[in-house]
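1340 is the number that the working numbering gives the last residue of the sequence shown; the numbers go up by one with no jumps. As C-alpha cells, the structure follows; a few thoughts come after it.
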Amino acid sequence: MAESVQGEGGAMTQRDKSRKAGHIKMFVIADLKSVTIDIKIADNIDIQVVIDSDNSTSYTNIGSLVKEHRPKVIPKNGTAKLLLWVHIAISNARRMLLDIFY
C-alpha cells in the first residue's frame, strides 16, 4: 500500500512524477485470496480513503471496506506511471534483501 501525495503540493519531476510518497506499508501475506486482503485493509486503512488499484479479482470486496475503490485495468506499459511508489518500494525491498542474503 502506498499513499499518493499528488495534488497536495508535492514536488514533481520533469516527467510529471511525484518526488514524494506519503506512507508506504508492506506486508508479507500467505496468499492473494480476497479474505486475506480484506483483513489487512480493515486493520490498516481508514474507512474514509479512496483506493486506486489494479483490477485484480482479489479486490472484489474493497469497495465495502472504504469510501471508494477505483479499480483500473492497467496495461503493461502503464504500471510504472500509475503504481510508481508501489514499484519503487518493491524494488528497494528486493535490493535490500539481495544485499543481506548475497
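The beta carbon of each residue, even a glycine, is placed where N, CA and C say it ideally should be.
For residue i versus residue j, is the C-beta distance shorter than 8 Å?
i     : j     : result
H1325 : T1317 : yes
S1296 : L1336 : no
If distances are taken between C-alpha atoms only, which option among the options comes closest to residue i?
i     : options                    : result
K1310 : F1339, H1261, I1262, L1320 : L1320
I1262 : I1328, M1334, R1333        : I1328
I1312 : G1301, R1332, S1291        : S1291
K1305 : K1278, T1298, Q1286        : Q1286
V1266 : A1259, K1278, S1272        : K1278
N1282 : R1333, L1322, K1258, I1300 : I1300
K1314 : L1303, N1293, D1276        : N1293
S1341 : S1272, L1322, W1323, A1331 : Since the displayed the chain opens at 1239 and closes at 1340, residue 1341 lies outside it and no answer follows.
Is any heavy atom of the ligand MN found at a distance shorter than 7 Å from the C-beta of residue i?
i     : result
K1278 : The ligand MN is not part of this structure, which contains no ligands at all.
What would DSSP say about residue i, mapped onto helix, strand or coil?
i     : result
I1338 : helix
K1314 : helix
D1276 : helix
D1281 : helix
E1246 : Because E1246 sits at a pLDDT of 48, beneath the cut-off of 50, its placement in the model cannot be relied upon, and the following sentence gives the value as read from the coordinates. Residue state, collapsed to three classes: coil.
I1267 : coil
V1324 : helix
S1294 : coil
Just checking my contact of residue i with residue j at CB under 8 Å: how many whole Å lie between their CB atoms?
i     : j     : result
A1268 : T1274 : 6 Å
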